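Residue numbers (our numbering), protein chains in the order written: chain A, 1 to 206; chain B, 1001 to 1206. Ideal Cβ placement from N, Cα and C applies to all residues, glycine included. Keep in mind that this is a model prediction, so the values were computed, not measured.
Protein chains: 2
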Amino acid sequence: MARTDLSGCYPGAVPVTAPPDQLRRDARDNRAAILDAARELFADSADVAMCQVARRAGVGQGTLYRHFPNRSALAAELLDSYIVGFEELAAAEAGAPDAFFVLLRSLFDGVVDLYGLAVLARHDVETDTHLKRNRERIRELLAGPLRDAKKAGILRRDVSLDDVFLIFAMGRGAMDGLPDRAARAAVADRVIELILDGIEQPAAVA
Amino acid sequence: MARTDLSGCYPGAVPVTAPPDQLRRDARDNRAAILDAARELFADSADVAMCQVARRAGVGQGTLYRHFPNRSALAAELLDSYIVGFEELAAAEAGAPDAFFVLLRSLFDGVVDLYGLAVLARHDVETDTHLKRNRERIRELLAGPLRDAKKAGILRRDVSLDDVFLIFAMGRGAMDGLPDRAARAAVADRVIELILDGIEQPAAVA
DNA sequence: ACGTAAACGGACAAGGTTGTCCGCTAGGTC
DNA sequence: GACCTAGCGGACAACCTTGTCCGTTTACGT
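Okay, structure coming up:
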């Protein structure tokens, strides 16, 4: 006997559409738990299975996928919340001559805290429009500080915005495969030291 | 009816043990074809399925696995052949004051040509003893040039061998996700420019 | 020529991941 | 307190990858 076709009779995996603050309480809690779990898991690695996120959040896979239709959507949400913080910092530092270096440092700190996410962002950057927009946003926020730093004579004149992304990628690469935040933080410090001064000895120090 | 147990009656996937130059001609050709295919595929990405290697080499999967029992063994072989070249270069440059920079440049070129392999090497470094030994070998080859460069006053005094690996990882990171050799080569050039001089403006250039 | 063992190749089992389906539970409202 | 629907959860199909198995082919010594 053929099973009755019940398609459409149940909500199924209909994605959650309401804004997060209008959700039913249990849904809101689950959403938060999922984001927390994802943040913890994506901190150390980009290789996180969706079922791990669900388990850690204490929800079923169905719930996870209803809130975030795929891994990219989940990552995008985490990334957005990072960008918000970055925008605030940029606003606070606006005008300061060393704002550029403060923001650069903050980008590195971002990788220290969410290494896996940074990897994911890089990998998906070609395919995911949302991530591209975030990238563009960071560009905008850095353009002013970059100009100011050059004007103040504390930054090489030939450094471009593209170079900043390059430096970001360099920092991320240096943190590849490290086991935890502490190790990444240590490496980030050293990378900044190296990058700022360069490794070549200035011609004559006397 | 139970199938007769034929285990051991056929050579099966018995690994090839003879030295490569004593193999039967078809086996030697296949081995070479596999290595060529792997080199091409690992050039752009670490995410290469073994069956792709087999297909590209024009051999069956069984053949591939008999020559190289797993992906690590295949990667190790490629890596070894790179190391041989690096050793030759180190020998040729021995004593030259700028040997350190030449070798550093060569490491970057290695990533440009075999990016996927570099990623793999980094990722497996904790688990694979063979890779660890290669790393150690590079360390040995760089120690002298590093000392000489400092003595010649063309390298910051506080740069350590660990920093060299860090710089290597930075370069690799900067090349993440780039589509081809050409793009990687361009990035490698810029990274070297940035790393050598640093991005901070020297106090007073006057 | 010819026989033997080395080598081949592709089917396949095992393991793991993604995203969907659908029967049930329980929050919020009247 | 009862209803109704948003939301839950976990089984599962589909897919991919790794490494093994075993019947067949072929290089090479005699």
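Contact of B:G1198 with chain A is assigned, a C-beta pair being separated by under 8 angstroms.
A distance below 8 angstroms between beta-carbons, with the five flanking residues on each side excluded, links B:L1041 to the following residues of its chain, in chain order: V1048, Q1052, V1053, R1056 and G1116. Listed along the chain, the chain B residues whose CB falls inside 8 angstroms of the CB of A:G177 are R1122, H1123, V1125 and E1126.
In this structure, the beta-carbon distance from B:G1173 to A:A37 does not fall below 8 angstroms. Taking a cut-off of 8 angstroms for Cβ pairs, the segment 178-187 of chain A and the segment 84-99 of chain A do not touch, as fewer than three such pairs fall below it.
If you draw a straight line from the Cα of B:A1076 to the Cα of B:P1020, it comes to about 15 angstroms.
Contact annotation, B:L1161 with B:L1146: C-beta distance approximately 6 angstroms; criterion of less than 8 angstroms satisfied. For secondary structure counted as the alpha helix (DSSP H) over 4 or more consecutive residues, the segment 83-137 of chain A holds these complete runs in sequence order: 99-113 and 115-124. Counting along the chain, A:I34 sits inside the alpha helix (DSSP H) bounded by residues R25 to D44. Comparing alpha carbon positions, the residue from A:R71, A:R39 and A:M175 closest to A:M50 is A:R71.
Interface with chain B (8 angstroms Cβ-Cβ cutoff): A:L161 is excluded.
When rounded, the separation of the alpha-carbon atoms in A:A32 and A:V59 is 11 angstroms. When only Cα atoms are considered, A:R24 and A:L114 end up about 29 angstroms apart. If you draw a straight line from the Cα of B:L1141 to the Cα of A:F68, it is about 50 angstroms long.
Less than 8 angstroms divides the Cβ of B:L1131 from the Cβ of B:L1079. Taking CB atoms only, B:A1169 has a neighbour in chain A less than 8 angstroms away. Counting C-beta atoms within 10 angstroms of its own C-beta, B:E1193 has fewer than 16 neighbours from the protein chains shown and is therefore classed as exposed. For B:V1187, at least one C-beta of chain A is nearer than 8 angstroms to its own C-beta. Within the model, the alpha-carbon separation for B:V1164 versus B:R1139 is close to 9 angstroms. Residues of chain B with a Cβ closer than 8 angstroms to the Cβ of A:V191 are, in chain order, L1166 and M1170. Rounded to whole angstroms, A:V16 and A:N30 show a C-alpha spacing of 12 angstroms.
Annotation for B:F1108: G1171 and A1188 place their beta carbon closer than 6 angstroms to its own, counting only its chain and skipping 5 residues before and after. B:F1165: member of the alpha helix (DSSP H) spanning L1161 to A1174, first to last residue. Around the C-beta of A:D26, fewer than 16 other C-beta atoms lie within 10 Å, and the residue is accordingly described as exposed.
Our two residues, B:R1157 and A:T129, have alpha carbons roughly 45 angstroms apart in a direct line. Residue environment analysis places B:E1136 among the exposed positions, since fewer than 16 neighbouring C-beta atoms fall within 10 angstroms of its C-beta. Neighbours of A:L194 in chain B, taken as residues at a C-beta separation under 9 angstroms, are given in chain order as R1156, V1159, D1163, L1166, I1167, M1170, I1195 and G1198. The Cβ atoms of A:G198 and B:D1197 sit closer than 8 angstroms to each other. DSSP places A:I192 in the uninterrupted alpha helix (DSSP H) bounded by R181 to D197. At the C-beta level, A:V112 and A:A185 come within 8 angstroms of one another.
About 7 angstroms separates the beta carbons of B:L1155 and A:E200, which is inside the 8 angstroms limit, making them a contact pair. Ranked by Cα distance from B:M1175, the first of A:V119, A:A73 and A:G62 is A:V119. Within the same chain, and ignoring the five residues on either side of A:D124 in sequence, the residues whose Cβ sits closer than 7 angstroms to its Cβ are S72 and L131. Burial state of A:R133 is exposed, judged by a 10 Å Cβ sphere holding fewer than 16 other Cβ atoms. In its chain, beyond the 5 residues on either side, L103 and L141 have a beta carbon closer than 7 angstroms to the beta carbon of A:A90.
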